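Visitor: Supplied in structure tokens, the structure appears directly below.
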Amino acid sequence: MNETLMGTSIKDVGRNIQQLSRDNKKLERYLNSIGTSSDTEQFRLKLKDEIHETTTLVKSLLSNIQDLKSVDNSNKLQRLEKQFLEQYTKLSQVTKTIKNRLESTKPSSSTNGNNNTRSL
4 MNETLMGTSI
14 KDVGRNIQQL
24 SRDNKKLERY
34 LNSIGTSSDT
44 EQFRLKLKDE
54 IHETTTLVKS
64 LLSNIQDLKS
74 VDNSNKLQRL
84 EKQFLEQYTK
94 LSQVTKTIKN
104 RLESTKPSSS
114 TNGNNNTRSL
């Protein structure tokens, strides 16, 4: 069984799927802050950066899984692919919800003298 292809191993894929799971949880925390006083322009820029970084991780994972499948389609790799697809589905759902919330709310003003009132 060949678990390495061009430096990418099944263990690397497993670690990256764990990172994707952590990123999903972080994005869910961001989602819960949209529309609150911590929802500023800076917060939204950081959120967009986090989504971009997570999307890059997903693209890398997808490529690595496909490459590994071409040489070894073991049960372990199949389980990892299933876990990846579950996390990818979660990411897709949370980013769609984030997009909708960002479109329906405005960021808070970061200055003390300007209170933003929003209706939900």
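So the mapping is simple: this note's numbering equals the position in the sequence shown, first residue as 1, plus 3.
Even for Gly, the Cβ is constructed at its ideal location relative to N, Cα and C.
Since the model is a prediction, treat every value here as computed from it, not as a measurement.
Can you tell me whether valine 74 is buried or exposed? The criterion is at least 16 other CB atoms within 10 Å of its CB, across all chains shown.
Guide: Taking the first residue of the sequence shown as position 1, residue 74 is located at position 71. Under a 10 Å Cβ-count criterion, valine 74 is classified as exposed, with fewer than 16 other Cβ atoms of the shown protein chains found around its own Cβ.
Visitor: With three or more C-beta pairs closer than 8 angstroms as the rule, is the segment 52-60 touching the segment 75-88?
Guide: no
Visitor: Nearest-angstrom Cα distance between proline 110 and glycine 38?
Guide: Residue mapping note: residue 110 aligns to position 107 of the sequence shown, counting from 1. Residue mapping note: residue 38 aligns to position 35 of the sequence shown, counting from 1. Their Cα atoms are separated by approximately 7 angstroms.
Visitor: Compute the Euclidean distance between the alpha carbons of tyrosine 91 and threonine 43, then round it to the nearest angstrom.
Guide: Position 88 of the sequence shown, counted from the start, is the residue given in the question as residue 91. Position 40 of the sequence shown, counted from the start, is the residue given in the question as residue 43. Those two C-alpha atoms are separated by around 27 angstroms.
Visitor: Buried or exposed for glutamate 84, please, with buried defined as at least 16 other CB atoms from any protein chain shown within 10 angstroms of its CB.
Guide: Mapped onto the sequence shown, residue 84 falls at position 81. The residue is buried, with at least 16 neighbouring Cβ atoms inside 10 Å.
Visitor: Please state whether the Cβ-Cβ distance between asparagine 35 and leucine 94 is less than 8 angstroms.
Guide: Within the sequence shown, the letter at position 32 stands for residue 35. Within the sequence shown, the letter at position 91 stands for residue 94. Taking 8 angstroms as the Cβ cut-off, asparagine 35 and leucine 94 do not qualify as a contacting pair.
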